[in-house]
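Trainee:
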Amino acid sequence: MSNHPVTTAADGVRNGELIAAEHDRAAATRDADLEYSETVTKIRERYEAELAEAGRLRLERVGPAHRDYNARVRAAEDGRRWRRPESPPR
């Protein structure tokens with residue numbers, strides 16, 4: 054008697070079903086990975102755009118204060134009284 058059992062028709066059907074299930078699983082995984090990758094790319098692009106916009110807005114907000122500070126430092130170093138540019142002269 055051999056240690057290798059004879060493959061029956063039922064074994065063939067079962068093996069075919071296992072191969073089909075494995076194929077379906079691989080296809081579903083591939084599709085999910087592709088969709089995930091596309092989603093991550095879109096999210097990353099939006100994040101980068103919003104990050105750039107936030108940086109631009111930050112500079113827009115801090116710019117006047119930095120320019121004001123620089124003018125005050127120059128005035129102090131020159132020994133003159135600093136006057137805010139927006140205020141009318143007195």
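Using the numbering used here, you'd call the opening residue of the sequence shown number 54 and step up by one each time.
Every residue, glycine too, gets a C-beta built ideally from N, C-alpha and C.
Are the beta-carbon atoms of Ala128 and Arg134 separated by less than 8 Å?
Mentor: Position 75 of the sequence shown, counted from the start, is the residue given in the question as residue 128. Position 81 of the sequence shown, counted from the start, is the residue given in the question as residue 134. Contact flag set, yes.
Trainee: Could you tell me the alpha carbon to alpha carbon distance between Arg125 and Ala105, rounded to whole angstroms?
Mentor: Here residue 125 refers to the residue found at position 72 of the sequence shown. Here residue 105 refers to the residue found at position 52 of the sequence shown. Spanning the two alpha carbons is a distance of roughly 30 Å.
Trainee: Tell me whether Arg133 sits in a helix, a strand or coil according to DSSP, three-state version.
Mentor: In the sequence shown, residue 133 corresponds to position 80, counting from 1. Coil at Arg133, not helix or strand.
Trainee: 8 Å is my cut-off, CB to CB: does Leu112 come that close to chain B?
Mentor: Absent from the structure: chain B. Only one protein chain is present.
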